[in-house]
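Numbering-wise (our numbering), the sequence shown opens with residue 1096 and increments by one.
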Amino acid sequence: MPSPTQRALARVPDRLRPLLVQHRKLVKFLMVGGFCFLLTMAVNFGLKLTVLQAKPVVSLTIATTLATVVSYVLNRQWSFRTNGRQREAILFFVVSALAVLVNDAPLIVSRYVFDLREPDVSHLGQEVADFLSGMIVGTLLAMVFRYWAMKRWVFVAGTRPAPAGEPEPERV
């Protein structure tokens, strides 16, 4: 019986399939990241529009932290399941804590260095600046940092046997 990944690959055009297989960890990482981005956005706006209206950085930090926990579980169970070390959870959360700071930095700069907040700009201008700086720029910077750091220090190839039916992991 084919795995969900194999069933999904069967629907991909033949000429793209080898590229996706070759970069399967990156594809899985990006899929997890996309889901966690949507989760972050929903929690961030839920908090920002209710109990944390005056604290956008706290709202983004809480949303990003929650998505980080979900990301760990999904990446551990799916994206990097053939890799890892015994101390990976600690390393994951250290890297992720740094990534939360990377994610928050553009929002902090937008709000408190460039003063893109009320009353200096309209409410709409503030919300657009918050979204672009925190959710788009911050997420992209943090994603690049996370992928590099996770592959380098957390989910290191060749330290765990491959599950039955999976190809052996590539050696770094």
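Backbone N, C-alpha and C fix where the C-beta goes; we use that ideal spot for every residue, glycine too.
Query, Result
"Exposed unless 16 or more other CB atoms sit within 10 angstroms - verdict on S1166", "buried"
"Cβ-heavy atom distance, A1192 to the ligand PLP, below 7 Å", "This structure does not include the ligand PLP; it has no bound ligands of any sort."
"CA nearest to the CA of G1141, picked from G1229, G1128, L1155 and G1129", "L1155"
"Rounded distance between the beta-carbons of D1210 and G1233, thought under 8 Å", "Actually they do not touch by this definition, with Cβ atoms about 18 Å apart."
"Burial state of Q1221, where buried means 16 or more other Cβ atoms lie within 10 Å", "buried"
"The segment 1131-1148 / the segment 1111-1119 touching (three or more Cβ pairs under 8 Å)", "no"
"Contacting residues, own chain, Cβ-Cβ under 6 Å from S1191 (five flanking each side not counted)", "T1163"
"Nearest-angstrom Cβ-Cβ length linking S1228 and L1202, presumed shorter than 8 Å", "5 Å"
"Nearest residue (CA-CA) to F1250, options V1204, L1115, V1216 and I1185", "I1185"
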